[in-house]
Amino acid sequence: MATCSRSVGSPDSCGYCDAPMFTTLQDFIEALDRAGELHRVSVPVSSILECTEIVDRLSKSPSAARGSLSSIVTDPLHAGLGGHAVLFEDVVGPDGQPAAFPLAMNLFGSYRRLEIALGCETDGLEALSLRIGDLVKMKPPRSLAEFGALAGRMLPLLRVPPRTVKRGLCQQVVQTCSDVDLTTLPIIKCWPLDGDPEAVGFPVPGDQPDTSIGAGRFITFAGMYTVHADDAGEVKPASRNIGMYRAQLIDRQRLAMHWHMHHDGAAHWRSWKRAGHARMPVAIVFGGESVLPYAATAPLPPGISELLMAGFLNKGGIPLVRCRTIPMDVPANAEIVIEGWVSTEAGMVGYDSRATDEPLGPGAVFEGPFGDHTGFYSLPDRYPIMDVTAITHRQQAVYPATIVGLPPQEDYYLGKATERLFLPLLQTLVHDIIDYDLPLFGCFHNCAFIKIRKEYPLQARRVMHAIWGAGQMAWTKYIVVVDEDVNVHDHRDVMRSVMARCHFGRDLELANGPLDILDHAAPSLGAGCKMGIDATRKMAGEEVGGIPIGAAGDADSGTAIHVERLCQQFDDSVCKVVIPTFAPAGQAIFVQLTSDDRAAARRVLDQVVTRNRHGEGVAPACVFVVGPQCDVEDDEQVLFHWCANTDPGRDMVRSGCRIGFDATIKSALPSESGGGVRDFPPILTMRDDVRERVTQRWREYGLEGIE
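Heads up: the sequence shown at position 367 corresponds to 368 in our numbering, and the numbers run straight through without jumps.
Following this line, the structure appears as structure tokens:
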């Protein structure tokens, strides 16, 4: 086994080991098994929803073992979650036939497993962050001795680029032409409405390809390899890119390729379209070196290949082998590779079958819906078709998959790796930043907590705008800036700072700009309002709007008894009111409605915020109104609905020092009527019969006592 010679869990296993990481996915799986992190399920399990329900339960259960000390410090509330990785050894498809390969899931779904994969089990992700920080902070040498030291530090970087090999494990078995059959793979259906446009209110276009064989199944955990059209025919294309996108199974030899308009893969596709090519080569790669899944998700600048990041983490370049039917190179140690051509004849995204009778057009499919990492379904749209020309794989391959949904899921830990590893790079762009946190409830693009060392007036606002201009951080909807005495990794401490140090009439910064494509609350696709909250201590020069420092509302609050008095005035649309743990004196309240009623939410906000404008101290300073799907006893659930279901320019009510948010799920409202609300998709829930079946079979899976 060509892996690090130091055993997992040994004192010498650390981020600075000179040996490479795990060379293959199966090497990594074996290491997890030895470490007590893997559970094998030998009984038959369906790829249709059953695997999802099992893994969803595991991902939210206590982990087999905690991760490094640094993971506990930087994520104290969630470092102990993630359950076990699971290997389903007998997967059956919708036709009842067994899949050709076992299915591995939740492999990276805890801090410890992620740290094992990246070779930093002892010192954690902070060790890798320090390695990146050392590179970022390199200074020109001032002497021959310093030059020698610098050369020694730079020498390992020469091993980072990928290298070409003649043979690869991934081509031990080659299937082409009529032998290609995607339905033999254990491709999973994650959530009940996946792949069913009519279930979310979208008519199926008349020229929609038949997707019934696909049965709502999606590839979810593979690297999509593309190159820019300018590099067509290049042996070593500079634009080589890996993205982790989803692909919907259409039939035995076709997939729907989904990529957001701002992703590099989509940019490459547009380049081939502009150049007049009828199709673009794409390779879909499963497995390989244990660093590859993270590298595929890393938010690197355009033009910087994820293979370089993988080589850096791997401490050696990734070996690549030429595909059999397309002009692409892929990791030689992969488990499975799907080769094919994506049509560039397809039209652009933005196709709404409810609003047009126009056909989809050639080379396109109405892809989705899909239960996404936001915890909601992403709605269907037009995407290009991939015609598969080959499936290659190693002997006795393993197929990896992941599910996304209400956090925490496996993608949460991959995202936290980005948070830690990219801190040094963010600090080079915004020198004020001491640390930051992307809280679980924000699903990465919806919220960021930023810690600064405050030195001058309105510094927090400068930081907000700098972040809104920093790469993929530009999509962040809510930014909270706090002082250096606040634990930025504990949302309760951050929110206490908001309650104590923020005057809501003075300390908010609103801006319009790009948002995550998946932000269903945005008035327009990928565009809307953002809000920054200055929760730092105020100093002279920060009297924004003429509101002096120390005005009523600064650290002002209601009390529990006042909140109780206020609750008595609500009508029957309110079913529950809770004082959050971060506001024990009643500075904030959570209000739950019996239904997602926009008018009822506005009545509550008017009651608390507007009518109490001059009654300082008789009502809370902040109110969050949520619908019946939310558990108002859980701070993180309420904050999740706040981040997911609000546009601050539309759903915020502010009067004097008080503020309120309508975080209910809303119905469409055209912009000309003043609301600008697009369709809100359904929140992800599993079918009752699937939940019951999994509960009944839990002991049969061998999972009793593990959850």
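Virtual Cβ for every residue (Gly too), placed ideally from N, Cα, C.
| said: Applying the 10 Å Cβ sphere with the 16-neighbour rule, what's the burial state of Cys52? | reply: buried
| the region 372 to 379 in contact with the region 220 to 240 per 3-pair CB rule at 8 Å | no
| said: Among Ser60, Pro440, Ala541, Val639, whose alpha-carbon lies nearest the alpha-carbon of Thr582? | reply: Val639
| Should the region 333 to 347 be regarded as contacting the region 277 to 289, the criterion being three or more beta carbon pairs within less than 8 Å? | yes
| message | Quick check on this structure: which residue in Arg462, His261, Glu637 has the alpha carbon closest to the alpha carbon of Leu509? | response | Arg462
| request: Excluding the 5 residues preceding and the 5 following Arg614 in the sequence, name in chain order all residues of the same chain whose CB lies nearer than 8 Å to its CB. | output: Confidence in Arg614 is poor, its pLDDT being 49 and thus under 50, which makes the residue's placement unreliable; the coordinate value appears in the next sentence. Excluding residues within five positions, the ones whose Cβ falls inside 8 Å are Ser656, Gly657, Arg659.
| Near Glu359, what residues of its chain come up, given a Cβ to Cβ distance below 7 Å and the 5 sequence neighbours on each side ignored? | none
| request: Could you give the DSSP three-state label for Thr345: helix, strand or coil? | output: coil
| field | Uninterrupted beta strand (DSSP E) stretches inside the region 156 to 206 (no shorter than 3 residues) | value | 174 to 177
| said: What does the Cβ neighbour count give for Gly616, buried or exposed, with the cut at 16 atoms within 10 Å? | reply: Because the pLDDT of Gly616 is 46, which lies under 50, any placement of that residue in the model is unreliable, and the question is left without a value.
| field | Three-way DSSP call (helix, strand, coil) for Thr390 in this model | value | strand
| query | My guess is that Tyr400 and Pro187 are in contact by the Cβ rule of under 8 Å, so how many angstroms apart are they, rounded? | reply | 5 Å
| Near Glu199, which residues of its chain fall below 7 Å by C-beta distance, leaving aside the five closest residues on each side in sequence? | Val205
| request: Give me the Cα-Cα distance between Val338 and Phe681, rounded to the nearest whole angstrom. | output: 36 Å
| field | Host alpha helix (DSSP H) of Ala296 (start-end) | value | 293 to 298
| task | Figure out for me which residue from Leu88, Ala333, Leu380 has the closest Cα to the Cα of Arg395. | result | Ala333
| query | In terms of DSSP beta bridges, what is Leu511 paired with? | reply | Met532
| said: Please classify Arg114 as buried or exposed, where buried requires at least 16 neighbouring CB atoms within 10 angstroms. | reply: buried
| So His466 is in the alpha helix (DSSP H); what residue range does that whole segment cover? | 460 to 468
| Which residues in the same chain as Glu543 place their Cβ atom closer than 7 Å to its Cβ, once the five residues preceding and following it in sequence are excluded? | Pro458, Leu459, Ile550
| field | Anticipated Cβ contact below 8 Å, Leu26 with His85, distance rounded | value | That belief does not hold up - the Cβ atoms of Leu26 and His85 are roughly 17 Å apart, past 8 Å.
| query | Closest Cβ-Cβ distance between His521 and chain B: below 9 Å? | reply | Annotation note: the requested chain B is absent from the structure, which comprises a single protein chain.
| query | Fully enclosed by the region 396 to 454, which beta strand (DSSP E) runs are 3 residues long or longer? | reply | 400 to 402, 434 to 438, 448 to 453
| said: Taking contact to mean 3 or more Cβ pairs, one atom from each stretch, closer than 8 Å, check whether the region 694 to 704 and the region 421 to 428 are in contact. | reply: no
| For the beta strand (DSSP E) that contains Thr375, what are its first and last residues? | Thr375 -> no beta strand (DSSP E), and no H or E assigned at all.
| Opening and closing residue of the beta strand (DSSP E) in which Ile243 lies | 242 to 244
| Going by beta carbon distance, what residues of the same chain come within less than 6 Å of Asp438, once the five residues before and after it are set aside? | Phe450, Val489, His490
| query | Looking only at its own chain, which residues have a Cβ that is under 6 Å from the Cβ of Thr611, when we skip the five neighbours before and after it? | reply | Ser656
| task | Let me know the secondary structure DSSP gives Glu546 once reduced to three states. | result | Per the sequence presented here, residue 546 reads as Gly, with Glu not at that position. In the structure shown, Gly546 sits in a helix (DSSP, three-state: H, G or I).
| query | In whole angstroms, what is the alpha-carbon distance linking Tyr479 and Pro585? | reply | 23 Å
| said: Taking the alpha-carbon of Asp648 as reference, which of Asp231, Cys448, Ile580 has the nearest alpha-carbon? | reply: Cys448
| Segment contact, 8 Å Cβ cut-off, at least three pairs: the region 297 to 314 with the region 409 to 424 | yes
| field | Three-state secondary structure (DSSP) of Gly661 | value | strand
| query | Going by alpha carbons, who is nearest to Ser179 out of Phe371, Asp388, Arg698, Asn513? | reply | Asp388
| query | Under the DSSP definition of a beta bridge, which residues are partnered with Leu721? | reply | The question about residue 721 has no answer, for the chain in this structure spans 2 to 708.
| query | Residues in its own chain within less than 7 Å of Ala523 by CB, not counting five upstream and five downstream? | reply | Leu516, Gly529, Asp648
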